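Data block below; observations after.
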Amino acid sequence: MNCPNVKECCCPKVDCPNFGKCCNCVVKHRETDSLPFCLFKNNDGDKSVSAYYRKLKERFEV
Numbered sequence: 055m056n057c058p059n060v061k062e063c064c065c066p067k068v069d070c071p072n073f074g075k076c077c078n079c080v081v082k083h084r085e086t087d088s089l090p091f092c093l094f095k096n097n098d099g100d101k102s103v104s105a106y107y108r109k110l111k112e113r114f115e116v
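And the structure:
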């Protein structure tokens with residue numbers, strides 16, 4: 055069953071048991087201290103913390 059809040063899952067890992075299930079995906083990534091791909095869909099999937107901060111800076115810096 056897919057998460058009712060998801061319109062389209064952008065994760066390329068379609069074989070993942072959590073594909074399209076955002077709630078389960080967030081729990082899994084929280085437990086593994088990692089970040090989900092959907093946060094980086096415009097960054098070639100770079101899930102590093104430095105890439106995350108760089109994207110936030112780009113987004114919110116005026």
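Here the sequence shown stands for residues 55 to 116, numbered as in the working numbering.
A virtual CB, placed ideally from N, CA and C, is assigned to each residue, including glycine.
Keep in mind the model is a prediction, meaning the values are calculated, not measured.
Item, Value
"Mind reading off the beta-carbon distance from CYS77 to PRO90? Whole number of angstroms is fine, and I expect it under 8 Å.", "Actually they do not touch by this definition, with Cβ atoms about 11 Å apart."
"Per DSSP, what kind of secondary structure is CYS64 in: helix, strand or coil?", "coil"
"Can you tell me whether DSSP reads PHE73 as helix, strand or coil?", "coil"
"Sort ARG113, GLU115 and HIS83 by Cα distance to CYS70 and report the nearest one.", "HIS83"
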